[in-house]
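Asker:
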Ligand code: GTP
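Numbering (the numbering used here), first residue to last: 91 to 340.
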């Protein structure tokens with residue numbers, strides 16, 4: 091491991107909305123290119139990077155089900171949206187000369203490799219970015235849960251959740267001027283206070299396996315790189331006091 095890295099193997103969680111840039115829908119190529127370049131920086135530092143992308147910029151399964159669509163069908167449509175995003179990110183990464191493999195949790199061999207854990211790990215060892223598409227392949231599970239699951243499976247040391255905000259706040263900072271940003275917070279507090287970090291299934295999975303989550307603003311230059319180097323930015327969700335949990339059993 092290069093000495094400058096705190097985390098060698100990283101699972102990066104990107105929301106689908108992250109790819110929209112300033113648009114209301116779809117994929118903004120300049121934004122995807124920016125993300126690809128940010129990923130390239132950590133790869134060049136010697137980190138092994140896997141990515142899980144959401145699909146909310148194209149289709150939001152939960153919203154569609156609230157409006158009357160059957161939840162399972164709506165979720166499958168959301169999973170297909172993540173495949174579109176995965177291919178867009180792969181394209182941008184490869185334009186930036188970063189070798190990339192897409193693995194899909196739903197078999198679609200003409201488009202992507204199937205998800206095979208050991209193959210994903212080999213790709214990472216060969217410095218390829220692995221993009222996990224189609225969530226967990228199951229309805230009722232979010233892409234946050236897919237990120238937590240895949241992180242555990244590949245032995246990632248951290249989940250970096252790159253979002254539109256620069257960390258976890260006690261309330262919505264746009265609406266509440268007294269909202270306080272946490273530098274560190276425990277999984278339990280996230281669950282107890284109902285904070286909007288990841289859904290409770292994903293948080294519980296990370297808590298049970300002592301996997302730290304770092305929430306940072308995706309748009310911040312060098313944010314992903316700085317987390318990988320151990321710089322204290324954003325919010326760290328971890329053990330009792332939010333400090334990095336001990337790596338156990340991996
Ligand atoms: P090594 O085994 O380390 O050589 O990895 P590799 O991924 O380069 O080898 P492989 O021959 O498996 O893959 C070559 C290319 O085909 C890569 O771009 C893979 O992503 C792609 N590929 C492999 N399996 C599948 C598949 O089932 N479906 C699709 N669509 N592409 C695949």
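Glycine included, C-beta positions come from ideal geometry on N, C-alpha and C.
In chain order, what are the residues with a CB under 5 angstroms from some non-hydrogen atom of the ligand GTP?
Answerer: Checking every Cβ against the heavy atoms of the ligand GTP under 5 angstroms gives 191, 199, 203.
Asker: Using the three-state DSSP reduction, which class does residue 210 fall into: helix, strand or coil?
Answerer: Residue state, collapsed to three classes: helix.
Asker: Tell whether a beta-carbon distance below 8 angstroms holds between residue 102 and residue 139.
Answerer: Yes, the Cβ-Cβ distance between residue 102 and residue 139 is below 8 angstroms.
Asker: At which residue ranges does the stretch 113 to 186 contain complete beta strand (DSSP E) runs of 3 or more residues, listed in the order of the chain?
Answerer: 138 to 143, all fully within the stretch 113 to 186.
Asker: Using the three-state DSSP reduction, which class does residue 280 fall into: helix, strand or coil?
Answerer: Helix, per DSSP.
Asker: Report the rounded CA-to-CA distance for residue 171 versus residue 119, giving the unit in angstroms.
Answerer: Cα to Cα, residue 171 sits roughly 16 angstroms from residue 119.
Asker: Let me check one thing: in DSSP terms, what residues is residue 194 bridge-paired to?
Answerer: 204, 223, per the DSSP bridge assignment.
Asker: With residue 253 as the anchor, note down where its beta strand (DSSP E) starts and where it stops.
Answerer: Segment 248 to 253, the beta strand (DSSP E) holding residue 253.
Asker: Excluding the 5 residues preceding and the 5 following residue 291 in the sequence, name in chain order all residues of the same chain whose CB lies nearer than 6 angstroms to its CB.
Answerer: Correct list, in chain order: 235.
Asker: Can you tell me which of the three DSSP states residue 339 falls into?
Answerer: Confidence at residue 339 is low in this model, with a pLDDT of 40, below 50, so the placement of that residue should be treated as unreliable; the coordinate-derived value is given next. In this structure, residue 339 counts as coil in the three-state DSSP scheme.
Asker: Quick check on residue 99: does DSSP put it in helix, strand or coil?
Answerer: Three-state DSSP puts residue 99 in a strand.
Asker: Which residues in the same chain as residue 214 place their Cβ atom closer than 7 angstroms to its Cβ, once the five residues preceding and following it in sequence are excluded?
Answerer: The residues are 99, 138, 140, 220, 244.
Asker: Using the three-state DSSP reduction, which class does residue 109 fall into: helix, strand or coil?
Answerer: In this structure, residue 109 counts as helix in the three-state DSSP scheme.
Asker: Please work out which residues of its chain come closer than 8 angstroms, Cβ to Cβ, to residue 313, disregarding the five sequence neighbours upstream and downstream, and give them in chain order.
Answerer: These residues qualify, in order along the chain: 128, 252, 306, 307, 323, 324.
Asker: Please name the residue, chosen from 177, 196, 186, 276, that lies closest to residue 131 on a Cα-to-Cα basis.
Answerer: Ranking the options by Cα distance to residue 131, first place goes to 186.
Asker: Out of 156, 173, 95, 142, state which residue places its alpha-carbon closest to the alpha-carbon of residue 136.
Answerer: If we check each option's Cα against that of residue 136, 95 comes out closest.
Asker: Under DSSP, the alpha helix (DSSP H) around residue 314 begins and ends at which residues?
Answerer: Residue 314 -> alpha helix (DSSP H) spans 313 to 318.
Asker: Based on Cα-Cα distance, which residue from 200, 180, 257 lies nearest to residue 304?
Answerer: Measuring from the Cα of residue 304, the nearest candidate turns out to be 257.
Asker: For the candidate residues 122, 195, 174, whose alpha-carbon lies nearest to that of residue 228?
Answerer: Out of 122, 195, 174, 195 has the C-alpha closest to the C-alpha of residue 228.
Asker: Going straight from the alpha carbon of residue 207 to that of residue 239, what length do you get?
Answerer: Each residue's Cα considered, the two are about 11 angstroms apart.
Asker: My understanding is that residue 289 touches residue 232, with C-beta atoms under 8 angstroms, so please give their C-beta distance in whole angstroms.
Answerer: Sure, about 5 angstroms apart at Cβ, within 8 angstroms.
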